[in-house]
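Scroll down for the structure; my scribbles are underneath it.
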Amino acid sequence: MQRKVGITETVLRDAHQSLMATRMPFEDMAPILPLMDQAGYASLECWGGATFDACIRFLNENPWERLREMKKLAPNTPFQMLLRGQNLLGYRHYADDVVERFVQLSAENGIDIFRIFDALNDVRNLETALRAVKKTGKEAQLTICYTISEAHTLEYYEALAKEMVDMGADSICVKDMAGILTPTRGAELVSRLRQAIDVPIIVHTHATSGVAYMTYLKVVEAGANRVDCAISPMSEGTSQPATESMVIALNEAGYDCGVDVRILEQIADYFRPLKEKYIEEGLLDPKMLSPDPRAIIYQVPGGMLSNMYSQLKQAGATNRYEEVLKEVPLVREDLGFPPLVTPLSQMVGTQAAMNVLSGQRYKMVPNEVKGYLRGEYGKSPVPVDEEFRRSIIHDDVVIHDRPANHIEPEFESLTQEIGELAENDEDVLIYALFAQVGKDYLTKRRNPVVEEQATLSDEVVRVYAQMGGK
Ligand code: CO
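For the sequence shown, numbering that gives the first Met the number 0 assigns the number 0 to the initial residue and increments by one for each residue that follows.
Right, dumping it as structure tokens:
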């Protein structure tokens with residue numbers, strides 16, 4: 000019998016997050032959702048990550064309403080979201096009661112699979128979200144952030160995966176946010192995990208460095224149950240490998256992906272002109288589509304390289320770029336080898352730049368790095384040298400237990416603070432996650448400058464009818 004390999008389609012979340020700063024509006028998704036619902040995907044990654052932020056900050060969309068409308072148009076395929084553990088979709092640790100309410104409402108509005116990760120792989124930062132997902136009966140997919148360092152051995156990943164399964168994970172995702180998982184290393188990692196755990200294993204990578212298709216084939220051969228792909232027009236470069244290409248290769252190798260290739264072709268036909276539109280509008284820079292093997296050579300995510308370069312440009316110091324690049328692994332070692340993912344990639348990059356530009360290492364230290372050294376983000380993969388820690392935070396108290404233990408319940412006080420601008424708990428969570436940006440959105444919604452428009456669902460029904468849909 001053919002082994003089944005599921006395909007998660009990322010075009011509605013990670014593909015546009017990685018290629019065009021998460022700017023795809025709902026109106027570009029709506030017309031194609033009914034057809035996507037028939038393609039046979041294992042899941043549609045369609046919410047979470049930066050989509051929530053982009054909705055309220057840039058697109059003036061209610062992210063909760065987007066989710067409900069998507070669900071109406073694609074009720075049959077499991078919906079998947081990316082959740083940053085105790086950070087939810089924001090940029091700080093939230094209190095447990097906020098995490099619980101957020102998960103509950105996400106499930107009620109249509110999320111079926113919660114992919115939950117912590118930037119440090121500190122499982123204590125996953126506990127509350129996991130418990131909340133379990134309470135809803137939805138799938139809790141705990142996530143290993145893949146990175147390379149002397150501390151991140153196969154033994155480390157195996158122990159981490161086992162711990163996650165013991166905690167109650169329904170599935171395990173290996174998340175290679177930087178696109179640095181190479182084919183042979185990927186196969187070694189997955190076969191090691193396959194022997195250690197019984198739950199489904201999902202691999203997520205990016206095409207950034209050019210090796211992703213090979214990696215996917217090898218990890219599937221090694222026992223991975225599902226891979227993340229993006230429909231061809233929105234694939235490659237900093238996005239995922241193309242769905243159709245991967246399915247063709249896997250089918251030929253004897254795997255059953257459960258998807259209808261003819262439907263995939265129609266979905267690609269729909270997104271092709273949209274991609275051209277995004278390029279014309281300047282939302283999508285075609286440069287993002289070329290492979291950049293530097294991600295593997297420097298073991299620094301592509302996005303971090305371009306961020307560091309633009310920081311240096313602002314400082315008029317692009318001539319120091321190579322020096323900063325060399326400083327990155329040294330800072331990372333000082334900080335106990337954190338994975339270079341938000342918010343650690345920004346911290347490490349900024350600290351490296353400061354170390355070089357100020358002419359003295361750790362003469363200047365950002366507050367976030369001090370907070371990290373006080374244990375506010377969780378446990379570093381390798382303990383930080385105590386002398387180094389004290390040289391930076393002096394006598395500050397260091398937290399050794401779960402960081403959220405030190406955050407008082409805050410849902411009620413946030414509800415009071417935002418007052419009548421919030422019509423329900425969903426609105427309170429918009430404010431909870433994004434503070435002033437959330438408040439601005441809620442204020443603008445209350446005092447719209449333009450006349451009231453037709454609701455999203457009216458618009459969708461109209462567009463879909465025009466396309467000759469049912
Ligand atoms: Co990703």
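A virtual CB, placed ideally from N, CA and C, is assigned to each residue, including glycine.
Using a Cβ-Cβ cutoff of less than 7 Å, which residues in the same chain neighbour residue i once the five nearest sequence positions on both sides are dropped?
| i | result |
| --- | --- |
| Leu-282 | Met-19, Arg-22 |
| Ala-316 | Leu-356 |
| Thr-341 | Ala-118 |
| Arg-208 | With the sequence shown as reference, residue 208 is identified as Ser, and Arg is not the correct amino acid for it. Gly-178, Ile-179, Pro-290, Asp-291, Pro-292, Ala-294, Ile-295. |
| Gly-437 | Ile-55, Ile-429, Tyr-430 |
| Glu-375 | Ile-398, Pro-402 |
| Gly-377 | Asp-117, Leu-119, Asp-121, Arg-123, Asn-124, Pro-402 |
Suppose the cutoff is 6 Å on Cβ atoms and the five residues either side in sequence are ignored; what does the same chain contact list for residue i look like?
| i | result |
| --- | --- |
| Gln-16 | Gly-48, Ala-49 |
| Lys-3 | Asp-255 |
| Ala-177 | Ala-294, Pro-300 |
| Gln-452 | Because the pLDDT of Gln-452 is 45, which lies under 50, any placement of that residue in the model is unreliable, and the number read from its coordinates should be weighed accordingly. Counting only Cβ-Cβ distances below 6 Å, and skipping sequence neighbours, we find nothing. |
| Glu-407 | none |
| Asn-354 | Glu-326, Arg-360 |
| Ala-421 | Val-427 |
| Arg-478 | There is simply no residue 478 to check, as the chain begins at 0 and stops at 469 in what is shown. |
| Leu-58 | Pro-24 |
| Thr-414 | Val-427 |
Is it true that the CB of residue j sits closer than 8 Å to the CB of residue i?
| i | j | result |
| --- | --- | --- |
| Glu-99 | Ala-131 | yes |
| Ala-160 | Leu-192 | yes |
| Ala-94 | Glu-409 | yes |
| His-92 | Gln-85 | yes |
| Met-233 | Lys-274 | yes |
| Phe-433 | Ile-115 | no |
| Pro-290 | Ala-195 | no |
| Asp-175 | Lys-137 | no |
| Pro-365 | Gln-350 | yes |
| Ala-73 | Asp-36 | yes |
| Leu-153 | Leu-141 | no |
| Gly-222 | Val-202 | no |
| Ser-170 | Val-198 | yes |
| Ile-392 | Lys-369 | yes |
| Thr-181 | Val-210 | yes |
Taking 7 Å as the cut-off, is the C-beta of residue i nearer than that to any heavy atom in ligand 1?
| i | result |
| --- | --- |
| Asp-291 | no |
| Asp-13 | yes |
| His-92 | no |
| Met-176 | yes |
| His-405 | no |
| His-205 | yes |
Between the Cα of residue i and those of the options, spot the shortest distance and give me the residue it belongs to.
| i | options | result |
| --- | --- | --- |
| Arg-271 | Ile-417, Glu-326, Ile-31 | Ile-31 |
| Gln-313 | Ala-352, Val-347, Phe-336, Pro-285 | Ala-352 |
| Phe-25 | Asn-61, Asp-268, Ile-417, Met-35 | Asn-61 |
| Trp-63 | Ala-421, Phe-57, Asn-108 | Asn-108 |
| Met-28 | Gln-310, Ala-267, Asn-423 | Ala-267 |
| Gly-358 | Thr-146, Arg-319, Ser-238, Arg-184 | Arg-319 |
| Gln-298 | Ala-14, Lys-133, Tyr-145 | Tyr-145 |
| Ser-470 | Tyr-215, Asp-227, Thr-152, Ala-168 | This structure does not reach residue 470, given that the chain is present from 0 up to 469, and the question cannot be answered. |
| Met-213 | His-405, Thr-183, His-203 | Thr-183 |
| Gly-89 | Lys-71, Lys-70, Asp-52 | Asp-52 |
| Glu-416 | His-405, His-393, Asn-404, Leu-441 | Leu-441 |
| Leu-311 | Gly-348, Lys-276, Met-363 | Gly-348 |
Give me the Cβ distance between residue i and residue j, rounded to the nearest whole Å; I'm assuming they're in contact under 8 Å.
| i | j | result |
| --- | --- | --- |
| Asn-224 | Ile-200 | 6 Å |
| Phe-78 | Leu-87 | About 17 Å; that fails the 8 Å criterion. |
| Leu-339 | Tyr-371 | Contact flag wrong, Cβ pair sits at about 13 Å. |
| Glu-44 | Arg-67 | Not confirmed; about 17 Å, so no contact. |
| Thr-135 | Ala-106 | 4 Å |
| Gln-265 | Leu-34 | 6 Å |
| Met-303 | Ser-344 | 5 Å |
| Val-323 | Ala-150 | So it is not a contact: roughly 23 Å between Cβ atoms. |
| Leu-188 | Ala-128 | So it is not a contact: roughly 24 Å between Cβ atoms. |
Near residue i, what residues of its chain come up, given a Cβ to Cβ distance below 8 Å and the 5 sequence neighbours on each side ignored?
| i | result |
| --- | --- |
| Val-258 | Ile-6, Ala-38, Gly-39, Tyr-40, Thr-242, Val-246 |
| Gly-253 | Gln-1, Arg-2 |
| Ala-14 | Ala-229, Ile-230, Met-233, Ser-234, Ser-238, Gln-239 |
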